[in-house]
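Quick note, the sequences are listed as chains B and V, same order.
When you line the first sequence up against this note's numbering, it's residues 7 to 784, in that order.
When you line the second sequence up against this note's numbering, it's residues 9 to 214, in that order.
C-beta atoms are modelled at their ideal positions from N, C-alpha and C, and glycine is treated no differently.
These numbers come from a predicted model, not from an experiment.
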Amino acid sequence: MRIRSLTSRIVVFFTSLLALVLVATFVLVSVANLRISRQNAAHELVTGERIFRRLLEQQGQQLTQAVSALATDYGFRQAIGTGDTDTIASALANHGGRIKADLVMLSRLDNTIQADTVKPERVGKSYPFVDLLAKAGERGGASGIERIDGKLYQLVVVPVRAPIVIGWVTMGFEINDEIAADLKALAGLQVSFLGRNQGGWNLLASTLPPAQRIALNGTLSDRQMAGRLALEEEDYEIRLAKLADTPEGPIHALLARSLKEAMAPFYALQGTLVVLALVAIVVFLLAGIRIASRITGPLRDLAGVAERIQQGDYQQTLATQDTREIAQLAGSLAHMQTAIAEREAEITKLAFQDPLTGLPNRVRFNQLLDEAIARAREHDDSLTVLLINLDRFQQINDTLGHPTGDRVLALVGERLREAVRFEDQVARLSGDEYAVLLPGVQVGQSLSTLERIHRTFDRRFELGGRTLDVRAGMGAAGFPEHGQNATDLLRCADMAMYRAKRSGEPQMLYDPGMQSFREEHLSLLGDLQQAVERNELTLYYQPKVSLADGRADEAEALVRWIHPDKGFIPPGEFIPFAEQTGYIREVTRWVLAHAIAQAGQWVAAGHPIKISVNLSTRDLLDPGLPDQVAALLAQHAMPAQYLCLEITESGLMEDPGRALDVLNRLRALGLSLAIDDYGTGYSSLAYIRRLPVTELKIDRAFVIELAHNDGDAQIVQSTIDLGHRLGLKVVAEGVEDQPTVAILARMGCDRIQGYVFGKPMPADAFVRWQQEHAASPA
Amino acid sequence: MRHARLPRLLVVLSSICALAVPVEVQVLDAAGKPLDEVVVYAEPLSAKAPKGKLSHIIDQVDKEFVPLVNVVQVGTAISFPNKDNIRHNIYSFSAPKPFDLKLYSGTPSSPVVFDKPGQVVLGCNIHDWMVSYLLIVDTPWFDKTDARGMARLGELPAGEYELKVWHPYQASAAPAQKIKLGSGAASAFAFRLKLTPPPASGNHNY
Numbered sequence: 007m008r009i010r011s012l013t014s015r016i017v018v019f020f021t022s023l024l025a026l027v028l029v030a031t032f033v034l035v036s037v038a039n040l041r042i043s044r045q046n047a048a049h050e051l052v053t054g055e056r057i058f059r060r061l062l063e064q065q066g067q068q069l070t071q072a073v074s075a076l077a078t079d080y081g082f083r084q085a086i087g088t089g090d091t092d093t094i095a096s097a098l099a100n101h102g103g104r105i106k107a108d109l110v111m112l113s114r115l116d117n118t119i120q121a122d123t124v125k126p127e128r129v130g131k132s133y134p135f136v137d138l139l140a141k142a143g144e145r146g147g148a149s150g151i152e153r154i155d156g157k158l159y160q161l162v163v164v165p166v167r168a169p170i171v172i173g174w175v176t177m178g179f180e181i182n183d184e185i186a187a188d189l190k191a192l193a194g195l196q197v198s199f200l201g202r203n204q205g206g207w208n209l210l211a212s213t214l215p216p217a218q219r220i221a222l223n224g225t226l227s228d229r230q231m232a233g234r235l236a237l238e239e240e241d242y243e244i245r246l247a248k249l250a251d252t253p254e255g256p257i258h259a260l261l262a263r264s265l266k267e268a269m270a271p272f273y274a275l276q277g278t279l280v281v282l283a284l285v286a287i288v289v290f291l292l293a294g295i296r297i298a299s300r301i302t303g304p305l306r307d308l309a310g311v312a313e314r315i316q317q318g319d320y321q322q323t324l325a326t327q328d329t330r331e332i333a334q335l336a337g338s339l340a341h342m343q344t345a346i347a348e349r350e351a352e353i354t355k356l357a358f359q360d361p362l363t364g365l366p367n368r369v370r371f372n373q374l375l376d377e378a379i380a381r382a383r384e385h386d387d388s389l390t391v392l393l394i395n396l397d398r399f400q401q402i403n404d405t406l407g408h409p410t411g412d413r414v415l416a417l418v419g420e421r422l423r424e425a426v427r428f429e430d431q432v433a434r435l436s437g438d439e440y441a442v443l444l445p446g447v448q449v450g451q452s453l454s455t456l457e458r459i460h461r462t463f464d465r466r467f468e469l470g471g472r473t474l475d476v477r478a479g480m481g482a483a484g485f486p487e488h489g490q491n492a493t494d495l496l497r498c499a500d501m502a503m504y505r506a507k508r509s510g511e512p513q514m515l516y517d518p519g520m521q522s523f524r525e526e527h528l529s530l531l532g533d534l535q536q537a538v539e540r541n542e543l544t545l546y547y548q549p550k551v552s553l554a555d556g557r558a559d560e561a562e563a564l565v566r567w568i569h570p571d572k573g574f575i576p577p578g579e580f581i582p583f584a585e586q587t588g589y590i591r592e593v594t595r596w597v598l599a600h601a602i603a604q605a606g607q608w609v610a611a612g613h614p615i616k617i618s619v620n621l622s623t624r625d626l627l628d629p630g631l632p633d634q635v636a637a638l639l640a641q642h643a644m645p646a647q648y649l650c651l652e653i654t655e656s657g658l659m660e661d662p663g664r665a666l667d668v669l670n671r672l673r674a675l676g677l678s679l680a681i682d683d684y685g686t687g688y689s690s691l692a693y694i695r696r697l698p699v700t701e702l703k704i705d706r707a708f709v710i711e712l713a714h715n716d717g718d719a720q721i722v723q724s725t726i727d728l729g730h731r732l733g734l735k736v737v738a739e740g741v742e743d744q745p746t747v748a749i750l751a752r753m754g755c756d757r758i759q760g761y762v763f764g765k766p767m768p769a770d771a772f773v774r775w776q777q778e779h780a781a782s783p784a
Numbered sequence: 009m010r011h012a013r014l015p016r017l018l019v020v021l022s023s024i025c026a027l028a029v030p031v032e033v034q035v036l037d038a039a040g041k042p043l044d045e046v047v048v049y050a051e052p053l054s055a056k057a058p059k060g061k062l063s064h065i066i067d068q069v070d071k072e073f074v075p076l077v078n079v080v081q082v083g084t085a086i087s088f089p090n091k092d093n094i095r096h097n098i099y100s101f102s103a104p105k106p107f108d109l110k111l112y113s114g115t116p117s118s119p120v121v122f123d124k125p126g127q128v129v130l131g132c133n134i135h136d137w138m139v140s141y142l143l144i145v146d147t148p149w150f151d152k153t154d155a156r157g158m159a160r161l162g163e164l165p166a167g168e169y170e171l172k173v174w175h176p177y178q179a180s181a182a183p184a185q186k187i188k189l190g191s192g193a194a195s196a197f198a199f200r201l202k203l204t205p206p207p208a209s210g211n212h213n214y
């Protein structure tokens with residue numbers, strides 16, 4: 007496809023249009039003029055013939071008068087009347103000479119030739135032009151055209167009176183080319199005199215050029231009395247006029263109008279037209295280019311502006327335009343420029359800034375990190391990257407709602423910003439993950455910063471009258487020792503952070519030894535699916551010992567994953583991921599199926615153990631769960647009373663109505679329901695009272711410090727009291743020593759779960775432990 | 009006519025003594041209508057014609073010759089009195105007597121003597137239409153017909169004559185009649201003549 011400029015389109019289109027009109031005009035004018043010229047030529051010939059005949063007639067009359075005057079000359083008459091033949095002949099010659107007659111004849115009344123100046127031998131013969139003589143007799147003189155000896159003459163016959171007619175004088179004036187030329191000058195036509203013989207036409211006199219005379223003899227046909235005739239490539243409009251019948255044959259005049267001459271004014275007009283048309287086209291072309299440029303010039307300018315906008319220049323000032331449409335376009339372009347600039351600024355902001363905290367986002371942080379690395383490399387300097395991940399933020403979001411979670415995130419951002427130097431960069435990378443860039447700090451020197459950050463989390467977060475304890479895990483990696491680019495550094499910091507979280511440390515510096523672990527961690531989730539399918543998971547049981555009678559007839563089933571390659575993987579490594587991806591439901595199914603199967607075996611073996619299984623938030627929202635549980639119980643002939651399902655407070659918060667429905671249906675099966683990790687959330691006992699739960703499990707956080715912390719003791723005591731008042735069984739988790747057991751016993755706690763009695767153990771080990779425990783004294 | 013009467017009387021007187029016979033001739037056209045101004049004359053065959061009156065006048069009146077037709081005997085002197093107040097130039101190219109009276113007014117001093125027989129046409133060089141015809145005969149016995157076509161030749165002596173008629177407009181000459189005059193012989197004769205007047209050759213009104 008050819009792309010042509012608007013200018014050339016406009017100019018070409020309108021110039022072509024003009025040219026077309028001019029050509030059409032030219033053709034029409036030419037055709038009309040041609041026809042008119044032809045008609046004119048034919049008409050001129052008709053008129054010309056009239057004029058020609060009139061001229062001949064006038065010439066005849068003039069000659070007649072002249073000859074008459076001559077014939078009345080006394081001397082002449084005297085000579086004629088009295089003289090002898092010689093005298094008469096000389097008188098005739100003399101008087102003929104006076105009026106330049108080419109031929110003079112005298113004839114008697116008896117029509118015999120008395121004298122002849124050209125051919126004396128004709129004397130005595132009969133006079134040939136009797137008709138002329140008769141006419142002259144009637145009118146006293148006559149003229150006519152005759153041929154004598156192959157020459158054409160205008161003859162004039164007048165009587166000689168003395169005073170009666172005594173004879174006739176005939177004077178002949180030869181019609182030659184000269185006469186024809188005179189006639190041509192008067193009539194404005196080419197004049198030819200033609201004699202008709204038996205053999206054809208005989209050209210007697212003509213104004214035509216010699217070559218055309220020859221051509222004329224060949225081309226003239228008998229019947230053509232008018233029309234076109236081409237002579238030697240010259241076109242004539244002709245008309246043949248019969249002048250006389252003579253004894254030697256008829257005489258015709260051929261009148262010819264040169265079409266070239268007739269057309270000359272027309273051709274001149276045509277030339278003028280062509281010149282005018284060319285001038286018009288040139289003027290039009292120039293004007294068109296100028297006008298088109300005035301249209302396209304601003305367009306080109308605007309196109310240039312648009313192009314510069316495309317290149318990111320939003321600060322252009324647009325020249326004012328004098329054309330309305332162009333001005334409109336320019337205005338639109340100006341607005342567009344502003345709008346694009348604003349939008350781009352907004353997009354840039356969105357692209358590089360975290361809207362929640364106002365901190366740089368991951369993308370921006372990566373840029374900053376790259377720049378910082380480049381600078382550090384250049385100055386042979388070092389830097390440290392910190393990664394900070396909030397603990398249990400998911401639960402905060404789940405239990406308190408996203409608005410609260412967002413406020414926590416914003417507050418964390420503020421605190422981080424306060425905790426670092428001005429030149430340090432704080433960014434929020436995702437969800438609950440932050441990063442800090444410490445330029446010019448060796449990773450080994452970053453501990454003080456880490457410590458400072460850690461201390462900011464000591465202050466509890468005040469949120470709408472509630473206080474919230476937020477903790478975080480931190481990892482640090484340094485340039486140049488741990489990585490040469492941003493990606494590597496961040497990965498290292500990430501590994502260090504996870505290692506810290508897993509090990510319960512508040513922070514950890516990266517160690518190259520972490521690399522292998524990190525890699526296994528990443529593939530964990532994929533492996534988990536295989537683990538469920540291939541039964542790589544296994545259940546451990548931790549006893550829940552009754553404080554009233556010391557019996558260990560209850561246990562919490564805890565899932566364990568023995569990876570074929572990596573060995574033992576703690577639940578903290580994969581359960582959160584499973585919960586986030588939704589795969590937890592498969593895990594829960596697996597756990598329920600196996601726990602119920604195991605419990606069913608123990609019931610069948612005659613020493614039934616009441617098994618507790620943890621449900622995740624997602625499980626609580628699954629309306630199919632009660633039916634599945636009922637089916638499993640039936641399948642394994644397990645009485646529902648030996649099954650307890652543990653739920654967390656946060657699990658209830660997401661969709662309380664739906665969760666309550668699921669809980670009611672589960673409770674209706676006859677099994678027990680326990681609130682796990684009680685005290686970490688915000689649910690009041692008044693709320694719990696409305697739930698179909700039978701058991702409260704006090705979170706280990708309150709239990710661990712119980713012996714040393716009065717506040718915790720008070721919380722635990724009141725929890726136990728209130729639970730009992732609501733008819734709930736109260737269980738304490740994470741009990742590690744006997745003093746705590748004693749305190750809890752004194753407080754009236756119903757059961758205890760913890761290392762003080764036994765770690766989670768495989769089913770057979772649990773059975774052995776139970777037998778030993780039963781045998782040992784309380 | 010009046011002038012013609014005198015010689016006739018003389019002839020009549022002279023023939024009283026020698027048995028004179030009065031001759032009358034009537035000229036009619038083909039349709040039987042009488043023709044006037046036709047010259048009738050008798051030429052004697054047996055004797056030499058005697059001399060008659062040898063003078064004649066042709067007037068020019070109102071730019072015309074008067075009379076148009078004239079007949080005289082050979083040897084007659086004709087005078088051309090000009091009665092107009094303009095001048096005339098009388099001429100003739102006729103063979104019997106070519107002459108030229110240069111422009112004149114009144115009566116020329118000497119008349120022109122016509123001494124040969126024949127026809128003479130007279131003209132005026134400055135008035136082309138003026139024409140007069142003159143027949144010169146070798147006999148004294150001649151007359152022109154009157155309105156009734158009658159010409160009276162007078163008393164002719166007995167003898168043989170050729171009787172002829174002439175008119176300038178005659179289509180062709182009428183054959184002459186041989187007559188014998190004597191006592192008791194017929195003296196009245198008749199001619200038939202066809203005249204073809206020439207086309208008007210001019211307009212003397214300009």
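Inter-residue Cα distance where the pair is Gly178 of chain V and Ala193 of chain V = For the purposes of this step, residue 178 of chain V is taken as the residue at position 170 of the second sequence. For the purposes of this step, residue 193 of chain V is taken as the residue at position 185 of the second sequence. Residue identity differs from the one stated: residue 178 of chain V is Gln in this sequence, not Gly. Whole-angstrom Cα-Cα distance: 29 Å.
request  = For the region 156-183 of chain B, enumerate the residues whose C-beta is nearer than 9 Å to any C-beta of chain V, in chain order.
outcome  = Pro165, Arg167, Ala168, Pro169, Ile170, Val171 and Ile172
inquiry  = Quick check on the DSSP output: what are the complete alpha helix (DSSP H) runs of length 4 or more inside the region 92-173 of chain B, in order along the chain?
reply    = 136-145
query = When the Cα atoms are used, what is the spatial distance from His613 of chain B to Asp661 of chain B?
reply = Here the question's residue 613 of chain B lines up with position 607 in the first sequence. Here the question's residue 661 of chain B lines up with position 655 in the first sequence. Roughly 38 Å between the two C-alpha positions.
query = List, in order along the chain, the chain V residues whose C-beta lies closer than 9 Å to that of Gln84 of chain B?
reply = As a position in the first sequence, residue 84 of chain B is number 78, starting the count at 1. The answer, in chain order, is Tyr99, Phe101, Pro106 and Asp108.
request  = Could you list the residues in the region 67-84 of chain V with a C-beta less than 8 Å from some C-beta on chain B, going in chain order?
outcome  = Within the region 67-84 of chain V, no residue has a Cβ lying closer than 8 Å to any Cβ of chain B.
task = Please say whether Ala433 of chain B and Asn367 of chain B have beta carbons closer to each other than 8 Å?
result = Here the question's residue 367 of chain B lines up with position 361 in the first sequence. Here the question's residue 433 of chain B lines up with position 427 in the first sequence. Yes; because the gap between Cβ atoms is below 8 Å, this pair is in contact.
request  = Measure the alpha-carbon distance for Arg114 of chain B versus Pro169 of chain B and round it to whole angstroms.
outcome  = Counting from 1 along the first sequence, the entry for residue 114 of chain B is found at position 108. Counting from 1 along the first sequence, the entry for residue 169 of chain B is found at position 163. The straight-line gap from Cα to Cα measures roughly 15 Å.
query = List, in order along the chain, the chain V residues whose C-beta lies closer than 9 Å to that of Thr213 of chain B?
reply = The residue given as residue 213 of chain B occupies position 207 in the first sequence. What Thr213 of chain B touches in chain V: nothing, since even the nearest Cβ is about 40 Å away.
task = Flag this pair as yes or no: are the beta carbons of Phe197 of chain V and Ala182 of chain V separated by less than 8 Å?
result = Translated into the one-based positions of the second sequence, residue 197 of chain V becomes position 189. Translated into the one-based positions of the second sequence, residue 182 of chain V becomes position 174. Contact flag unset, no.
request  = Return the CA-CA distance between Asn223 of chain B and Phe290 of chain B, expressed in angstroms with no decimal places.
outcome  = To locate residue 223 of chain B, count along the first sequence from 1; it is residue 217. To locate residue 290 of chain B, count along the first sequence from 1; it is residue 284. Taking the straight line from one Cα to the other gives about 54 Å.
message = Tell me the rounded alpha-carbon separation between Ser117 of chain V and Leu192 of chain B.
response = Numbered from its first residue, the second sequence carries residue 117 of chain V at position 109. Numbered from its first residue, the first sequence carries residue 192 of chain B at position 186. Near 57 Å, if we compare the C-alpha coordinates of Leu192 of chain B and Ser117 of chain V.
request  = Starting from the Cα of Lys400 of chain B, find the closest Cα among B:Thr654, B:Arg696 and B:Arg757 and give me that residue.
outcome  = Here residue 400 of chain B refers to the residue found at position 394 when the first sequence is read from its first residue. A quick correction: the sequence has Gln, not Lys, at residue 400 of chain B. Out of B:Thr654, B:Arg696 and B:Arg757, B:Thr654 has the C-alpha closest to the C-alpha of Gln400 of chain B.
ask   = Nearest chain B C-beta to Asn133 of chain V closer than 8 Å, yes or no?
value = Taking the first residue of the second sequence as 1, we reach residue 133 of chain V at position 125. Answer yes: the Cβ-Cβ gap between Asn133 of chain V and chain B drops below 8 Å somewhere.
ask   = Does the beta-carbon of Gln777 of chain B have 16 or more other beta-carbons within 10 angstroms, so that it is buried, or is it exposed?
value = By 1-based counting over the first sequence, the position of residue 777 of chain B is 771. Burial call: exposed.
request  = Grab the span of the alpha helix (DSSP H) containing Thr405 of chain B for me, first residue to last.
outcome  = Indexing the first sequence from 1 puts residue 405 of chain B at position 399. Thr405 of chain B -> alpha helix (DSSP H) spans Phe399 to Leu406.
Cβ contact check for the region 444-457 of chain B and the region 340-356 of chain B: 3 or more pairs under 8 Å = no
message = Below 7 Å, is the gap between the Cβ of Pro106 of chain V and the nearest heavy atom of the ligand GTP?
response = Questions concerning the ligand GTP fall outside what the structure shown contains, since it holds no ligand whatsoever.
query = What did DSSP end up calling Trp207 of chain B once you bin it into helix, strand or coil?
reply = Taking the first sequence and counting its residues from 1, the one referred to as residue 207 of chain B is at position 201. Trp207 of chain B falls in the strand class under three-state DSSP.
query = Which of the three DSSP states, helix, strand or coil, is assigned to Ala159 of chain V?
reply = What you label residue 159 of chain V is simply residue 151 of the second sequence in a count that begins at 1. Strand, per DSSP.
inquiry  = Check whether chain V comes within 8 Å of Gly147 of chain B, counting only Cβ atoms and requiring the distance to be less than that.
reply    = Counted from its first residue, the first sequence places residue 147 of chain B at position 141. With 8 Å as the cut-off, Gly147 of chain B does not count as an interface residue toward chain V.
inquiry  = Taking the alpha helix (DSSP H) that Gly66 of chain B belongs to, which residues open and close that run?
reply    = Counting from one through the first sequence, the residue named residue 66 of chain B turns up at place 60. That run of the alpha helix (DSSP H) goes Leu12 to Ala77.
message = Please tell me whether Leu164 of chain V and Ala57 of chain V are closer than 8 Å, where the distance is taken between their beta carbons.
response = For this step, residue 164 of chain V is matched to residue 156 along the second sequence. For this step, residue 57 of chain V is matched to residue 49 along the second sequence. No; because the gap between Cβ atoms is not below 8 Å, this pair is not in contact.
key: Contact check, Leu161 of chain V vs Phe150 of chain V, beta carbons under 8 Å   = Within the second sequence, numbered from 1, the residue matching residue 161 of chain V stands at position 153. Within the second sequence, numbered from 1, the residue matching residue 150 of chain V stands at position 142. Going by C-beta atoms, Leu161 of chain V is nearer than 8 Å to Phe150 of chain V.
ask   = Can you name the start and end residues of the beta strand (DSSP E) that Asp136 of chain V belongs to?
value = Numbered from 1 along the second sequence, position 128 holds the residue referred to as residue 136 of chain V. Looking at the DSSP string, the run of the beta strand (DSSP E) that includes Asp136 of chain V is His135 to Val145.
task = Give the straight-line distance between the Cα atoms of Glu377 of chain B and Gly411 of chain B, rounded to the nearest whole angstrom.
result = In the first sequence, the residue the question calls residue 377 of chain B occupies position 371. In the first sequence, the residue the question calls residue 411 of chain B occupies position 405. Taking the straight line from one Cα to the other gives about 32 Å.
query = Can you give the Cα-Cα distance for Ala232 of chain B and Ala47 of chain B, rounded to whole angstroms?
reply = The residue you call residue 232 of chain B lines up with position 226 of the first sequence. The residue you call residue 47 of chain B lines up with position 41 of the first sequence. Looking at the backbone, the Cα of Ala232 of chain B and that of Ala47 of chain B are separated by about 11 Å.
task = Let me know if Asn715 of chain B comes out buried or exposed under the rule of 16 or more other beta-carbons within 10 Å of its beta-carbon.
result = Along the first sequence, read from residue 1 onward, the residue named residue 715 of chain B stands at position 709. The residue in question, Asn715 of chain B, is exposed, as its Cβ has fewer than 16 Cβ neighbours within 10 Å.
ask   = What residue ranges within the region 706-783 of chain B form continuous beta strand (DSSP E) runs of no fewer than 3 residues, ordered along the chain?
value = 735-738 and 757-759
Where Arg524 of chain B sits in the DSSP three-state scheme = The residue you call residue 524 of chain B lines up with position 518 of the first sequence. Low confidence applies here, because Arg524 of chain B scores a pLDDT of 49, under 50, leaving its location unreliable; read the following figure in that light. Reduced to three states, the DSSP call for Arg524 of chain B is helix.
Expected contact under 8 Å - CB spacing of Val736 of chain B and Ile758 of chain B to nearest Å = Along the first sequence, read from residue 1 onward, the residue named residue 736 of chain B stands at position 730. Along the first sequence, read from residue 1 onward, the residue named residue 758 of chain B stands at position 752. The pair is not a contact, with the Cβ atoms about 10 Å apart (cut-off 8 Å).
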